[in-house]
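*Asks:* FYI, in the numbering used here the residues of the sequence shown are 88 to 224. Just so you know, even glycine gets a beta-carbon here, dropped at the ideal spot from N, CA and C. The following block contains the structure, expressed as structure tokens.
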Amino acid sequence: MLNHMNVLTVSAVCFRDDEGRVLTVRKRGTEAFMLPGGKQEPGESALACAVREVEEELGVVVDEAELRLVVAWRGPAANEPDTDIDSTVYATDRRVDPEAGAEIAELRWIDPADHAGEPIAPMLDLYLFPELRRAGW
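See the structure below:
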């Protein structure tokens, strides 16, 4: 049950490596790893936000046409108390060699089948990783 008063609208992109691990980021001043992405700007589409955020955070330029919708999900925010996120997650099959930019403190490739105790965002733990495991991704 979601009782949070604040709601942030965010977009994120799911990248995989050849071992099936998912690229996650940890933003400065936070503990939880999450997908690269961020908050939509006024008037910005979810897809445009995903493209912009990936370039800012990873230095990776993606085209909207190569992204496919994985899920839209609402749940608790990882780093902001009493806040939910309306999250739109896209995926691409492109393999990337990202570099931490913008507010990114650390990059980590995490196996969705076993995150080995790494602190991960609720969206990954409660929804995306279980969905990826069910889909055999």
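On a Cα-Cα basis, can you pick out the residue from Asp201, Val100 and Val176 that is closest to Leu145?
*Replies:* When each option's Cα is compared against that of Leu145, the closest is Val100.
*Asks:* Decide if Met92 is buried, meaning its Cβ has at least 16 other Cβ atoms within 10 Å, or exposed.
*Replies:* So Met92 ends up on the exposed side.
*Asks:* When you compare the region 102 to 119 with the region 151 to 159, are there three or more beta-carbon pairs, one atom per stretch, that lie closer than 8 Å?
*Replies:* In short, these stretches do not touch, since the Cβ pair count stays below three.
*Asks:* Assuming Arg221 is part of the alpha helix (DSSP H), what are its boundary residues?
*Replies:* Element bounds for Arg221: Phe216 to Arg221.
*Asks:* Between the Cα of Val149 and the Cα atoms of Arg182, Met210 and Asp169, which residue gives the shortest distance?
*Replies:* Nearest of Arg182, Met210 and Asp169 to Val149, Cα basis: Arg182.
*Asks:* Could you check the C-alpha separation between Val94 and Asp171 for me, to the nearest Å?
*Replies:* C-alpha separation (whole angstroms): 5 Å.
*Asks:* Under 7 Å Cβ to Cβ from Val147, same chain only, skipping five residues before and after it: list those, please.
*Replies:* Taken in chain order, the residues that qualify are Val141, Val183 and Pro185.
*Asks:* How would you write the range of the alpha helix (DSSP H) that Arg103 sits in, first residue to last?
*Replies:* Premise fails: Arg103 is in no alpha helix (DSSP H) and is neither H nor E.
*Asks:* Let me check understanding here. Comparing Cα to Cα, which of Glu131, Thr96, Gly204 and Pro123 lies closest to Ala189?
*Replies:* Cα-wise, what sits closest to Ala189 is Pro123.
*Asks:* Where Thr175 and Trp196 are concerned, what is the direct C-alpha to C-alpha distance, given to the nearest angstrom?
*Replies:* Rounded to whole angstroms, Thr175 to Trp196 spans 20 Å at the Cα level.
*Asks:* Under a Cβ-count criterion, where at least 16 other Cβ atoms within 10 Å of its own Cβ denotes burial, should Pro125 be classed as buried or exposed?
*Replies:* Reading the sequence as shown, one finds Gly at residue 125 and not Pro. Result: buried.
*Asks:* So Arg113 and Ala192 are in contact, right, with Cβ under 8 Å, and what is the actual spacing, rounded?
*Replies:* At roughly 5 Å, the Cβ-Cβ gap stays under 8 Å, so Arg113 and Ala192 are in contact.
*Asks:* Note down, in chain order, each residue of its chain lying with its Cβ closer than 6 Å to the Cβ of Ala187, except the 5 sequence neighbours on either side.
*Replies:* Cβ neighbours of Ala187 beyond the five flanking positions: Leu194.
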